[in-house]
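Numbering (my numbering), first residue to last: 7 to 145. The beta-carbon is built from N, C-alpha and C at its ideal position, and this holds for glycine as well. Contents: one structure, followed by commentary.
What follows is the structure in structure tokens.
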């Protein structure tokens, strides 16, 4: 079984998540077929827990989950993070410093090869099960 280590192992601790592989064929007009693979696993964010299937992107150091504030059709077809539901969430700036109550917030935009995402940053607890908890920052 494949596993992903979540966290840097030093400041936040780490834990393993069982990974699943999804492979999709990409057909070209000349009949040649490429295969695109993605590895995903299940984690929980916050308390009470909010469970997500996430793709582990080795090119990024952030955990990205859709928010209830996202109103696009793409977001609506996925489970979305409810910051106000989590008793362990903290609003943070892009650099990780806490946002003062009622203060203005940074918004982060990240460009990928297939598009971009925009959102706000939070620090919350993530876990794969009740006995393993780690604190990570997540946009």
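Per DSSP, the bridge partner or partners of residue i
i, result
"residue 222", "Because the chain is modelled from 7 through 145, residue 222 falls outside the range shown and cannot be assessed."
"residue 104", "98"
"residue 46", "26 and 61"
"residue 6", "The shown model of the chain, from 7 to 145, leaves out residue 6, and the question about it has no answer."
"residue 39", "33"
"residue 73", "87"
Separation of residue j from residue i, as counted between CA atoms
i, j, result
"residue 94", "residue 129", "8 Å"
"residue 80", "residue 74", "12 Å"
"residue 89", "residue 35", "45 Å"
"residue 27", "residue 96", "32 Å"
"residue 37", "residue 29", "18 Å"
"residue 32", "residue 91", "39 Å"
"residue 120", "residue 108", "35 Å"
"residue 77", "residue 124", "12 Å"
"residue 63", "residue 25", "12 Å"
"residue 131", "residue 82", "23 Å"
"residue 39", "residue 118", "23 Å"
"residue 103", "residue 52", "19 Å"
Beta-carbon proximity list for residue i, same chain, < 8 Å, skipping 5 on both sides
i, result
"residue 99", "105, 111, 112 and 127"
"residue 61", "44, 45 and 46"
"residue 54", "91, 92 and 93"
Spatial neighbours of residue i in its chain, beta-carbon cut-off 6 Å, leaving aside the 5 residues before and after
i, result
"residue 71", "58 and 87"
"residue 50", "57 and 133"
"residue 84", "72"
"residue 42", "30 and 32"
Same chain, Cβ closer than 7 Å to residue i, five either side skipped, listed in chain order
i, result
"residue 122", "115 and 116"
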